[in-house]
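Quick note, the sequences are listed as chains A and B, same order.
Take the first sequence: its position 93, counted from the start at 1, is 93 in this note's numbering, and no numbers get skipped.
Take the second sequence: its position 225, counted from the start at 1, is 225 in this note's numbering, and no numbers get skipped.
Every residue gets a Cβ at the ideal spot worked out from N, C-alpha and C, and that includes glycine.
Small disclaimer: the values here were computed from a predicted structure and weren't measured.
Written out below as structure tokens is the structure these notes cover.
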Amino acid sequence: MTTAQDANVFEPTVYRVASIVREFEDVVTLTLHPEGVQRPAFTPGQFNMLYTFGVGEAAISICGEDEDQRGFVHTVRQVGAVSQALASVSEGDAIGLRGPFGKGWPLSEAERGDIVFVAGGLGLAPLRPAIEHVLRHRSRYRRVTLLFGTRNPRTILYAKDIERWRRQADINGVVTVDHADAGWRGSVGAVPALIAGAPFDPRSTVAMVCGPEVMMRFTVASLLDAGLPAERIHLSMERNMKCAIGLCGRCQYGHDFICKDGPVMRYDRLANRFSVREI
Amino acid sequence: MTAGQSGMARCINLAALQVLIQLLAGDGYAVIGPIRRDDAIVYDRIAGITDLPAGWTDDQGPGHYALVRRGDDALFGYAVGPDAWKRFLHPPVETLWRAQREGDTFTLAAPRAPAPRYAFLGVRACDLRAIAIQDRVFCQGAYTDRSYADRRRNAFIVAVHCGGVGGNCFCASMGCGPRVDAGFDLALTELVDPAPHRFLIEVGSEAGAAMLARLDSEEATSSDLDLAESVFKRAASQMGRHINTRGLKELLQTQPHHPRWDEVAARCMACGNCTMACPTCFCTTIEDHGSIDESSAERVRTWDSCFTLDFSFIHGGSVRQSASSRYRQWLTHKLAHWIDQFGVAGCVGCGRCITWCPVGIDLTEEVAALRMATDPGSTVSHEHP
Chain A
1 MTTAQDANVF
11 EPTVYRVASI
21 VREFEDVVTL
31 TLHPEGVQRP
41 AFTPGQFNML
51 YTFGVGEAAI
61 SICGEDEDQR
71 GFVHTVRQVG
81 AVSQALASVS
91 EGDAIGLRGP
101 FGKGWPLSEA
111 ERGDIVFVAG
121 GLGLAPLRPA
131 IEHVLRHRSR
141 YRRVTLLFGT
151 RNPRTILYAK
161 DIERWRRQAD
171 INGVVTVDHA
181 DAGWRGSVGA
191 VPALIAGAPF
201 DPRSTVAMVC
211 GPEVMMRFTV
221 ASLLDAGLPA
231 ERIHLSMERN
241 MKCAIGLCGR
251 CQYGHDFICK
261 DGPVMRYDRL
271 ANRFSVREI
Chain B
1 MTAGQSGMAR
11 CINLAALQVL
21 IQLLAGDGYA
31 VIGPIRRDDA
41 IVYDRIAGIT
51 DLPAGWTDDQ
61 GPGHYALVRR
71 GDDALFGYAV
81 GPDAWKRFLH
91 PPVETLWRAQ
101 REGDTFTLAA
111 PRAPAPRYAF
121 LGVRACDLRA
131 IAIQDRVFCQ
141 GAYTDRSYAD
151 RRRNAFIVAV
161 HCGGVGGNCF
171 CASMGCGPRV
181 DAGFDLALTE
191 LVDPAPHRFL
201 IEVGSEAGAA
211 MLARLDSEEA
221 TSSDLDLAES
231 VFKRAASQMG
241 RHINTRGLKE
251 LLQTQPHHPR
261 WDEVAARCMA
271 CGNCTMACPT
281 CFCTTIEDHG
291 SIDESSAERV
301 RTWDSCFTLD
311 FSFIHGGSVR
321 QSASSRYRQW
331 LTHKLAHWID
341 QFGVAGCVGC
351 GRCITWCPVG
361 IDLTEEVAAL
371 RMATDPGSTV
381 SHEHP
């Protein structure tokens, strides 16, 4: 038996809410600074467990760091008790944080080839630090495409960032909406439909996909149709999770634990269960 | 070391067993053993041998458990009850930490009290394996569950070989018993007949050897050893159930659409009893408690079950809505995914899930049915009492 670690792996570190940006409707982006300790390093695609006092903990993707790399940036949609509490914090509030956890995006593997990022809704959040990484190391990658689908023009997450990525980093960013409004002049329809027309060479492309499972299912089918091999499609998966460290058993997806074997998983390794319902 | 090694095995009598319990208590252990309560044999604090369920055994079948009188005064003459030792090593309710609001921040409370020191008396071979399996889950991954590891490291284990097994037992199929082989400090084989009532005692650790040296014991005679051997043979021959594990992992991992999942779901109440009674099921949820004035909060970990809807809840709804998908998750995890995750199956063949299922679902029968329908040529025993 291994000896017990000194640290209680369930105890969070206190972080302060440094700034709050309301993205739209029920979505906020929080910048969190640690108190008295240095923020741990993270890999794009990883997540933290955020705790609000007395309410509980939720797994939230890391969507970036602030410019001086002092804190974590997290985008939260209020859907449950914890995310509701997180979305209602004020600047200066103390919250708990454990992390980072999980496996991230294969950014080294993607070097010297094309990249296709495919995001649905809030699925853009865990891809954002990967895109920023590409932007910082733009010469290591060839053509970079972001295909982003969202409900309507009012729910375009990180709209300014997308504009900056297009401008500064020669990223081919296409935003499509399910429902357009009078002012919308962009694409309308589901995001998988954009894959066929996207500029990438399937022989040397890595795809990184995050969104609702049904959206990812159609996206994978389109990527495979476009000639991308299964082992170069990477998905960020989601399951119920309490501990994030493989001890609570809840996030099992087949023989994998999403918390430690994911959340980013290679499609060929889960292809046999991807179409199984209720797994 | 095994009982069969001549010159190594020793015998103790009832009085020495009583002394063993007292010495363990004197050394600061909370001694936990089998007691008769609520018409079942459960594990709880014991003060001496009079607390043990002398002369009782358990009659077990699918969805059936009843205590019945034995014809002798055996103290360990039953198979296994509803409790597993996880109740102590991985308690059903455990506070992970407490926090106090202080001004505009909060601080976590001082470290907990030291972990309890348990001495377990009467651990069966299946349950020893179950403890070893939970060790893998909680102590041998990337993260260690500190409170489990502390309790586990402190534990003193007195195993007891099964003299007779229950109607739902299949430890032999899972390679876990009935003979105790490792993971104990001391191991007893109860010899009742012919008198005197005594125990063959084996040493499994230095702590066990040190304890044995403090007891009055005598060298086991060859007839003691023969008698013990016949006890083992009898237990092995009495397995109430059987499971064919050959190729089982592959079978389960490739049959997510098998019609049997729907068939069993028509009987399964998704109550989760099997997961509570299982000695290896480790899944938990966490509850957050806060004081009404919001000055303090705590996080409490409690046992949970993959049979609840909440277990798989993510935004948009529970992933596993149907009972069929939940039973599939449980059985496939237990007998197949567990091997990928922890290098060993999550089932020890104790039969608790069969006994304590309110509708008597028998996983050995479910496995046989899954196998029959996919491979009509395979030979699987269907055994019903």
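Partners in chain A for residue i, counting only beta-carbon separations shorter than 8 angstroms
i, result
"Trp97 of chain B", "Asn8, Phe10 and Glu11"
"Leu89 of chain B", "Near Leu89 of chain B there are no residues of chain A at all, since even the closest Cβ is about 12 angstroms away, more than 8 angstroms."
Contact set for residue i: own chain, Cβ-Cβ below 6 angstroms, skip 5 residues either direction
i, result
"Thr275 of chain B", "Cys281 and Ser305"
"Asp427 of chain B", "Because chain B here runs from 1 to 385, residue 427 of chain B falls outside it and cannot be looked at."
"Phe76 of chain B", "Gly122, Val160 and Glu190"
"Ala226 of chain A", "Ile195 and Pro202"
"Asp362 of chain B", "Pro62 and Ile354"
"Val9 of chain A", "Ile245"
"Phe218 of chain A", "Pro192"
Candidates the options: closest to residue i by CA position
i, options, result
"Ala54 of chain B", "B:Gly175, B:His337, B:Arg112 and B:Val192", "B:Val192"
"Leu181 of chain A", "A:Thr150, A:His255, A:Ser275 and A:Arg140", "It is Asp, not Leu, that sits at residue 181 of chain A in the sequence shown. If we check each option's Cα against that of Asp181 of chain A, A:Thr150 comes out closest."
"Ile162 of chain A", "A:Pro202, A:Asp201 and A:Ala119", "A:Ala119"
"Pro279 of chain B", "B:Asp73, B:Ile361, B:His90 and B:Ala172", "B:His90"
"His137 of chain A", "A:Leu107, A:Ala159 and A:Leu127", "A:Leu107"
"Arg101 of chain B", "B:Gly290, B:Val319 and B:Ala266", "B:Gly290"
"Thr145 of chain A", "A:Phe218, A:Phe53 and A:Val206", "A:Val206"
"Val209 of chain A", "A:Ser19, A:Val276 and A:Trp105", "A:Trp105"
"Glu23 of chain A", "A:Ile62, A:Arg77, A:Phe10 and A:Ala41", "A:Arg77"
"Glu35 of chain A", "A:Tyr267, A:Arg16 and A:Val21", "A:Arg16"
"Pro196 of chain B", "B:Asp72, B:Arg151, B:Lys86 and B:Ser237", "B:Asp72"
"Val180 of chain B", "B:Thr285, B:Asn168, B:Val348 and B:Arg153", "B:Val348"
"Tyr148 of chain B", "B:Asp310, B:Val359, B:Ser322 and B:Arg301", "B:Arg301"
"Ser324 of chain B", "B:Ile286, B:Cys271, B:Ile339 and B:Phe342", "B:Cys271"
"Trp338 of chain B", "B:Asn273, B:Ala266, B:Glu250 and B:Gly360", "B:Glu250"
"Lys160 of chain A", "A:Ser275, A:Arg128, A:Gly123 and A:Arg217", "A:Arg128"
"His74 of chain A", "A:Phe53, A:Arg239 and A:Pro44", "A:Pro44"
Cβ-based neighbour list, residue i, same chain, cut-off 7 angstroms, excluding 5 preceding and 5 following
i, result
"His237 of chain A", "It is Met, not His, that sits at residue 237 of chain A in the sequence shown. Excluding sequence neighbours, Met237 of chain A sits near Tyr253, Ile258, Gly262, Pro263 and Met265."
"Leu59 of chain A", "First, the residue type needs correcting, since residue 59 of chain A is Ala and not Leu in the sequence shown. Once the five neighbours on either side are set aside, the close Cβ partners of Ala59 of chain A are Phe47, Met49, Met241 and Ala244."
"Ala16 of chain B", "Leu215, Asp216 and Ser217"
"Thr2 of chain A", "Note on Thr2 of chain A: pLDDT 36, under 50, position unreliable in the model; no value is reported."
"Val203 of chain B", "Met1, Leu186, Ala209 and Leu212"
"Met239 of chain B", "Val165, Cys169, Phe170 and Ala172"
"Pro421 of chain B", "Here chain B comprises residues numbered 1 to 385, so residue 421 of chain B is not present and cannot be evaluated."
Within chain B, partners of residue i - CB distance below 7 angstroms
i, result
"Arg250 of chain A", "Cys283 and Phe311"
"Ala41 of chain A", "Within 7 angstroms Cβ-Cβ: nothing; Ala41 of chain A doesn't reach chain B, min ~17 angstroms."
"His255 of chain A", "His337, Asp340 and Gln341"
"Glu278 of chain A", "Val319, Arg320, Gln321, Ser322 and Ser325"
Chain B residues whose Cβ lies nearer than 8 angstroms to that of residue i
i, result
"Asn48 of chain A", "Correct list: empty, because the minimum Cβ distance to chain B is about 15 angstroms."
"Leu270 of chain A", "In chain order: nothing, as chain B lies at least about 12 angstroms away."
Cβ shell of residue i (< 8 angstroms), same chain only, five flanking positions each side left out
i, result
"Arg10 of chain B", "Leu200, Ile201, Leu212, Ser217, Glu218, Glu219 and Ala220"
"Glu263 of chain B", "Ala369"
"Phe106 of chain B", "Ala99, Gln100 and Ala297"
"Asp293 of chain B", "none"
"Thr109 of chain B", "First, the amino acid is wrong: residue 109 of chain B is Ala here, not Thr. Only Trp97, Arg98, Ala99 and Gln100 meet the Cβ criterion."
"Leu224 of chain A", "Ala230 and Ile233"
Within chain A, the residues that residue i reaches when beta carbons sit closer than 7 angstroms
i, result
"Gln134 of chain B", "Ordered by position in chain A, no residue passes the 7 angstroms Cβ test against Gln134 of chain B, which lies about 11 angstroms from the chain."
"Tyr143 of chain B", "Val9, Ile245, Gly246 and Leu247"
"His333 of chain B", "Gln252"
"Gly290 of chain B", "Gly54"
"Glu387 of chain B", "The displayed coordinates of chain B run from 1 to 385. Any statement about residue 387 of chain B would go beyond what the structure contains."
"Arg101 of chain B", "Phe53"
Contact list for residue i against chain B, beta-carbon separation under 9 angstroms
i, result
"Arg239 of chain A", "Ser312, Ile314 and Val319"
"Gly102 of chain A", "None at all; the shortest Cβ gap to chain B is about 11 angstroms."
Cross-chain neighbours of residue i in chain A, by beta carbon under 9 angstroms
i, result
"Ile286 of chain B", "Phe10, Gly56, Glu57, Lys242, Cys243 and Cys248"
"Arg151 of chain B", "Neighbours of Arg151 of chain B on chain A: none; closest Cβ ~10 angstroms, over 9 angstroms."
- Query: Which whole runs of the beta strand (DSSP E) in the stretch 200 to 260 of chain A are 3 residues long or more, in chain order?
  - Reply: Listed in chain order, they are 205 to 210 and 233 to 236.
- Give, in chain order, every unbroken run of the beta strand (DSSP E) that is at least 3 residues long and sits entirely within the stretch 160 to 234 of chain B. For the stretch 160 to 234 of chain B, whole beta strand (DSSP E) runs of length 3 or above, ordered along the chain, are 186 to 191 and 198 to 203.
- Is the stretch 13 to 33 of chain B touching the stretch 110 to 122 of chain B, taking contact as three or more C-beta pairs under 8 angstroms? yes
- In chain order, which continuous runs of the alpha helix (DSSP H) of length 4 or greater are located wholly inside the stretch 344 to 375 of chain B? Whole alpha helix (DSSP H) segments, 4+ residues: 352 to 355 and 363 to 374.
- Ignoring anything shorter than 4 residues or poking outside the stretch 36 to 106 of chain B, list the alpha helix (DSSP H) runs there in chain order. 86 to 89
- Item | the stretch 341 to 356 of chain B contacting the stretch 78 to 85 of chain B, beta-carbon criterion three pairs below 8 angstroms | yes
- Taking 8 angstroms as the threshold, find out whether the stretch 254 to 271 of chain B comes into contact with the stretch 176 to 186 of chain B through three or more Cβ pairs. no
- Message: In chain order, what are the residue ranges of uninterrupted beta strand (DSSP E) at least 3 long that sit wholly in the stretch 137 to 211 of chain A?
- Response: The stretch 137 to 211 of chain A is shown to contain whole beta strand (DSSP E) runs of 3 or more residues at 144 to 150, 171 to 177 and 205 to 210, in chain order.
- Query: Curious, which full-length beta strand (DSSP E) runs of at least 3 residues does the stretch 265 to 347 of chain B contain?
  - Reply: DSSP runs (the beta strand (DSSP E)) wholly in the stretch 265 to 347 of chain B: 284 to 290 and 296 to 303.
- Task: Please go through the stretch 21 to 62 of chain A and give each complete alpha helix (DSSP H) segment of 4 or more residues, from N-terminal end onward.
- Result: none
- Message: For a minimum of 4 consecutive residues, which ranges assigned as the alpha helix (DSSP H) are wholly contained in the stretch 55 to 99 of chain A?
- Response: 81 to 87, all fully within the stretch 55 to 99 of chain A.
- Item | Start-end ranges of the alpha helix (DSSP H) lying completely within the stretch 102 to 145 of chain B, minimum 4 residues | 125 to 139
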